[in-house]
Amino acid sequence: MKRKITIAIILAVIAAALLILFCTRRKVYGNIDVSVQEEKTATSDFSFTADKGDRLKISLRTNVKTGTVDVTIIDSKGGIVKELDRAKALETYMDVEYDDTYTVTAVYKEFTGKFKIKVSTKRF
Numbered sequence: 056m057k058r059k060i061t062i063a064i065i066l067a068v069i070a071a072a073l074l075i076l077f078c079t080r081r082k083v084y085g086n087i088d089v090s091v092q093e094e095k096t097a098t099s100d101f102s103f104t105a106d107k108g109d110r111l112k113i114s115l116r117t118n119v120k121t122g123t124v125d126v127t128i129i130d131s132k133g134g135i136v137k138e139l140d141r142a143k144a145l146e147t148y149m150d151v152e153y154d155d156t157y158t159v160t161a162v163y164k165e166f167t168g169k170f171k172i173k174v175s176t177k178r179f
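Position 112 of the sequence shown, counted from 1, bears residue number 167 in the working numbering, the numbering being contiguous throughout.
Dropping the structure here:
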């Protein structure tokens with residue numbers, strides 16, 4: 056009898072841990088991952104839909120050898136909602152003010168190196 060109770064408790068703890076893990080994992084809206092060996096000028100972007108009240112986590116990692124990378128978040132009307140600072144590593148947050156489709160745009164000019172941008176939010 057004690058063995059059955061112990062097994063039931065262990066299974067309940069595992070189930071609770073998995074539920075907590077799932078609920079706290081971030082939902083990734085999208086990312087841009089660019090690696091350029093020869094100088095290049097281009098634009099990369101992705102769009103996502105976010106709801107009013109969402110708190111977005113925006114991560115930027117860069118290794119710029121030459122050139123520049125400018126990252127902006129634009130709403131569906133073309134207005135700039137957020138501009139990211141140039142940095143090797145940056146994590147910032149943005150509170151969504153209204154339901155909309157947003158576009159993350161990375162404009163890189165005469166660029167060689169690597170950069171990665173990721174936008175995510177908590178699931179619940």
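Every residue gets a Cβ at the ideal spot worked out from N, C-alpha and C, and that includes glycine.
DSSP lists no bridge partner for K143. Under the Cβ criterion (8 Å, minimum of three pairs), the stretch 150-169 does not count as touching the stretch 60-70. For the 8 Å CB-CB criterion, S175 and E146 do not form a contact. Taken through DSSP and simplified to helix, strand or coil, K57 comes out as helix. CA-CA distance, F170 to T127, rounds to 14 Å. Remark: C-beta atoms of R110 and A144 do not approach each other more closely than 8 Å. According to the DSSP assignment, D106 belongs to no beta strand (DSSP E), since it is labelled neither H nor E. The three-state secondary structure of V124, taken from DSSP, is strand.
When T123, S90, T158 are compared, the shortest CA-CA separation from E165 is found for T123. Annotation: T121 to I64 spans about 57 Å, alpha carbon to alpha carbon. For S90, the closest C-alpha among the options K177, K173, T167, K57 is that of T167.
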